[in-house]
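To start, the structure under review is shown below, and the notes come after it.
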Amino acid sequence: IESSHPHPSATVSLNELRVSRHQQEQMRKVRLLLWKGEAAGARKLVEDVLSSSPGFADALSVRARINLHDDRIPEALDDAHQSVTEDPQLPNAYFALGEVLNHEHRYLEALPNLERCISLAPRSWACHYERARSLVGCDRTALAMDEVKQAAAIGGFQEEPEAIYFLRGSLR
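See the structure below:
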């Protein structure tokens, strides 16, 4: 789940300042658990974070993606929307919302969210990749191919991630 999440920005938002360092450290642990493939442990920890900081946008965006992975779509959509509301400067919030909307084949609704993600995190290959998925869904294959190329170029991967490889292949 977490490997494609946009990297946190170098700036700190007001929303992030409202939560304790401990909660922020807990979110680093959540990301580590997700990276290790331990979604159940990550869900428990993110739930603990949100029980004491219910408006923590970063935690909401991560829980949205965990819910999406667990096919809990209404909860994923609610968390993603709340994350955007809580912190309109958080790229991860727009990424999570765009990803959920893409999953639901709501490509036209996903596009502006992913464009906002890109405006906040222009060097995030994940935002460009997810926008390419939206463009494919909107039958805009030339633009989608440009986004796939951008995602691959930004990522600087030694080996292209499977997701980019397969999306690129479907556009040829």
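In this note's numbering, the protein residues as written are 15 to 186. A virtual CB, placed ideally from N, CA and C, is assigned to each residue, including glycine.
**Q.** Nearest to P105 (by Cα), restricted to the options Q37, R120, D93 and N127
**A.** What you label residue 105 is simply residue 91 of the sequence shown in a count that begins at 1. Of the listed residues, the one whose Cα sits closest to P105 is N127.
**Q.** Check: H117 C-beta below 7 Å from any heavy atom of the ligand NAD
**A.** This structure lacks the ligand NAD; in fact it carries no ligand of any kind.
Q.
Less than 8 Å between the C-beta atoms of A13 and S75, yes or no?
A. The first residue shown for the chain is 15 and the last is 186, placing residue 13 beyond what the model contains.
Q.
Using the Cβ count rule (16 or more neighbours within 10 Å means buried), how would you classify R42?
A. For this step, residue 42 is matched to residue 28 along the sequence shown. Exposed is the call here.
Q.
If we require 4 or more residues per run, which alpha helix (DSSP H) segments fall completely within the region 38-114?
A. 53-66, 71-83 and 87-100
Q.
Measuring straight from C-alpha to C-alpha, what distance separates A110 and A78?
A. Within the sequence shown, the letter at position 96 stands for residue 110. Within the sequence shown, the letter at position 64 stands for residue 78. A110 and A78: Cα-Cα distance of roughly 6 Å.
Q. Within the chosen definition, does the region 162-169 reach the region 128-147 through at least 3 CB pairs nearer than 8 Å?
A. Yes, the region 162-169 is in contact with the region 128-147.
Q) Below 8 Å between beta carbons: does that hold for V60 and V44? A) Within the sequence shown, the letter at position 46 stands for residue 60. Within the sequence shown, the letter at position 30 stands for residue 44. Result yes, Cβ atoms of V60 and V44 sit closer than 8 Å.
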